[in-house]
Structures are given as structure tokens and as C-alpha cells.
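Participant: The structure is given below, and queries will be raised subsequently.
Numbering (the working numbering), first residue to last: 5 to 404.
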């Protein structure tokens, strides 16, 4: 009898974290590596949020809390949903966990029976399909190509739904492509979902405040209120508030689902950090004036990165509408050879080449379910973006 459970045979470690770890290891060995793999803002957590955490510790708020969030934080989250999204939730319909990833994990583990299907538009965040597999569900991956704007279309959704479909996973703005669903696009998907009352919707809105070119954010339960009772609206403070290490995600959804998610959490991690919860109240209720300038900074980085990438023969890239990633198409480079003659046969091999040759860490498109692409993060300084893409250009030019 082996030590490691067979259930782990169907999943893999997070590819983006693996690439970041390798870049850190290379730096530790004295190698000059520029990492464009990390999915976290390079801005500091705003001072008023840090101060709120400090004050909470001074008040002695360092003990266990309710499993899925304090009453004060649930009230704050409900206020955020009402104020920013036009969604009304009672505290009993709010869940708080150690990051949006744990929210998604809790929801899927609490609801999936063996063989239940989950529709996952690709490209997708790397953890979606593996969490489904851990829950003994079946990911039904629907490719959404550049022609579709990397977005799920109503007809493709209709064709993917079967009698075993339990969930549709949506992510807007998208990791890894930056695609943002408009109100009309969400309404088109909602019309299909109204015809299939057995399908629930999990919408991951973690990049809500990182929008470009004057776009407005929309979430599906607000676009079509008749879907609210079967929608879990997921969000958190990691991206917009630069609080990745604080580990707080939250969601609003049906009361029965929220109770089931709390049961899962009670037997895994119990409550999120009491200090981080206090800080999150300050994030949601405090000044919001820094959000737009930070989004504009990401937009300026996007524009510069696009300019540089599009100047590299063999690379093409759609314009991201939000989040802080670009997802270049590298199909013209597949089949070329490294200077040593080694064939580059996939985006995995191209990403490895860029790390070895250019000393730039990117994440291969295969990790997100749609190749041949790679993802770069612009959550770093303009200087490092220019340095990294300059290195990529030199490495591409060296290919035969």
C-alpha cells in the first residue's frame, strides 16, 4: 500500500507557482532571472488596511472566529455586494475563507458527486479543473479561441450542457487572457442558463476593479436576477487591494450552499485569520480612491507590453480588457529550433526555452487549457517589463 492517495494522480501542482518557484531558485543561485509568472500586484497593501490589522491585534482580536467569517466582516461583504454590484445578501448567505481559491474549493467539494460535470471555458485559471477532479467531478472544457475574444459564446455553452452538468465556471476579467464579459454577453449566456434550471453558476470576479479603456464591470447574477438563487458570486481582496498574502476571499450565494461550504471549511482550515478579516473590513469600507490609479498603471503597462510584443516576429497578442496578464499567440514559433538544434514542439518547450535562453519566466499556455500561447504578468515595474520582453525578442531572433 503506497503512502500517497490515488486521487492525487489526476491533479498536478499549480504550474504558475511552479514556474515562480523555479525562477526564485535560479535567482538564489545567482542567475539574473526576470519573472513574469506571478499573479500578484507589485503594489503595497494600502496603509489604512495595514493600520487596521495592527489595531485589531492591539484590541486582542487574535482568537478563533466563526468558521466562515466574523459577523462584522459578513456585514461588510454584504454591503460591498449591495453597493457595487446591486446584489442583496443576508449575512447567512455570505462565506469568508482563506482566499478565493478556498471559496471555490469549498463550493465544489460540497456539491460535486462522482461524475457530475462542470463546464469550464478555456483558457481557464489553472486550479479550476484540478479542483473539479479532486471533487470527483468531470471538467467539460470548452475552447474559447481568439476569434471568440477568449469568451464563451451562448451556442457553445448550450452544446456543452448535459443532464449531468452541475456548474458553469465563469471568470471575468479573465486570468490568463484579460477578457471581460459585457452586460450583453452575460445576458446571452444567462438566456441559455434559464433554459437549464439544474445548472448552477460560479462566477470568479476577483479582478473586478482592474478594468481598462473605460470598461464597466458586470456580474451575471445582477445582469439576470432570476439566476441569483443558483449563482455563487466569488470575490476577494487579493488583487485589487494588493492583499495576496492576507488570504481572504468571500462569496455570496444560496443559504444551503453557504452552510455546506462552512461544513467543509470547519473540517479543513476552520476560520480565516482574525487579523486579516479585520483588515478586509478596512479594505471594503475604507478609501477606494487608489483603485483607479492602480488600474490605470496596469493599463499603461499593458499598452507598452503590447507594443513590444507585437514588434517580435512570430508573436501576436490580443488586447486584454482587464486583469494584469497578456496571452500571446506563439503558433508561428512552434516547429522552430533552438540554437543548439533542439526542436520546439509546444508552448511548454517554448516557455522552457525562454527561461533557459532569455532568463525570463513565463507560464505555458497548456497550463490554461489553450495552446499555443504563453501568459505573462504585467504586475511588475515598467523597467522589468521592457527588460524581459527585450530578452524574449533576442531569444526569438535566435531561433532557427
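Backbone N, C-alpha and C define an ideal beta-carbon position, used for all residues, glycine too.
#1: Around the C-beta of residue 245, are 16 or more other C-beta atoms found within 10 angstroms, so that it is buried, or is it exposed?
#2: Which residues does DSSP pair with residue 147 in a beta bridge?
#3: Can you tell me the Cα-Cα spacing of residue 129 and residue 327, whole angstroms?
#4: Classify residue 256 as helix, strand or coil using the three-state DSSP reduction.
#5: Using DSSP with H/G/I as helix, E/B as strand and the rest coil, what is residue 284?
#6: Within a Cβ cutoff of 8 Å, which residues of the same chain sit near residue 61, ignoring the five residues on either side of it in sequence?
#7: What does the alpha-carbon distance come out to for the pair residue 333 and residue 377?
#8: For residue 39, which three-state DSSP category applies?
#9: Taking DSSP's pairing of strands, which residues face residue 57 in a bridge?
#10: Thinking residue 108 and residue 193 are a contact (beta carbons under 8 Å), I'd like their distance in whole angstroms, please.
#11: On the criterion of 16 or more Cβ atoms from any shown chain inside 10 Å, does residue 7 qualify as buried, or is it exposed?
#12: Identify whether residue 243 lies in helix, strand or coil by the three-state DSSP scheme.
#13: Starting from residue 110 and walking both ways along the alpha helix (DSSP H), at which residues does that stretch end?
#14: Taking the Cβ atom as the reference point for each residue, do residue 143 and residue 133 lie within a distance shorter than 8 Å?
#15: CB residue 116 to CB residue 136, shorter than 8 Å?
#16: Take residue 138 as the anchor and find which of 40, 111 and 240 has the nearest alpha-carbon.
#17: Look at the Cβ atom of residue 318, then the Cβ atom of residue 336, and state whether they are nearer than 8 Å.
#18: Using C-beta distances below 6 Å, list every residue in its chain close to residue 53, excluding the 5 sequence neighbours before and after it, in chain order.
#19: May I ask you to report which of helix, strand or coil DSSP gives residue 381?
#20: Report buried or exposed for residue 189, applying the criterion of at least 16 other Cβ atoms within 10 angstroms of its Cβ.
#21: Inspect the beta-carbon positions of residue 23 and residue 363 and report whether they are closer than 8 Å.
#22: By DSSP's criteria, residue 204 is part of a beta bridge. Which residues make up the other side?
#23: If you run the structure through DSSP and keep just helix, strand and coil, what is residue 409?
#24: I want to check one thing, is the minimum distance from the CB of residue 120 to the heavy atoms of the ligand NAD below 7 Å?
#25: Within the same chain, show all residues whose beta-carbon is closer than 6 Å to that of residue 174, passing over the 5 residues directly before and after it, in chain order.
#26: Tell me which same chain residues have a C-beta within less than 6 Å of the C-beta of residue 96, skipping the five on either side of it?
#27: Exposed or buried, what is residue 316 when buried is set at 16 or more other beta-carbons lying within 10 Å of its beta-carbon?
#28: Whole angstroms are fine: how far does the CA of residue 202 sit from the CA of residue 122?
#29: So, at 7 Å on beta carbons, what are the nonlocal neighbours of residue 153 in its own chain, with the 5 sequence-adjacent residues on each side left out?
#30: For residue 326, which of helix, strand or coil comes out of DSSP?
#31: Please tell me whether residue 35 and residue 73 are closer than 8 Å, where the distance is taken between their beta carbons.
#32: Under 8 Å, with one C-beta from each stretch per pair, do the stretch 84-96 and the stretch 62-71 reach the 3-pair mark?
Facilitator: For this structure:
#1: buried
#2: 126
#3: 12 Å
#4: strand
#5: helix
#6: 279
#7: 5 Å
#8: strand
#9: DSSP output for residue 57 lists no bridge partner at all.
#10: Rounded, the Cβ-Cβ distance is 19 Å, inconsistent with contact.
#11: exposed
#12: coil
#13: 104-115
#14: yes
#15: yes
#16: 111
#17: yes
#18: 283, 286 and 287
#19: strand
#20: buried
#21: no
#22: 171
#23: The structure shown does not extend to residue 409, since the chain is modelled only from 5 through 404, so no value can be given for it.
#24: The ligand NAD is not part of this structure, which contains no ligands at all.
#25: 207
#26: 259
#27: buried
#28: 12 Å
#29: 183
#30: strand
#31: no
#32: no
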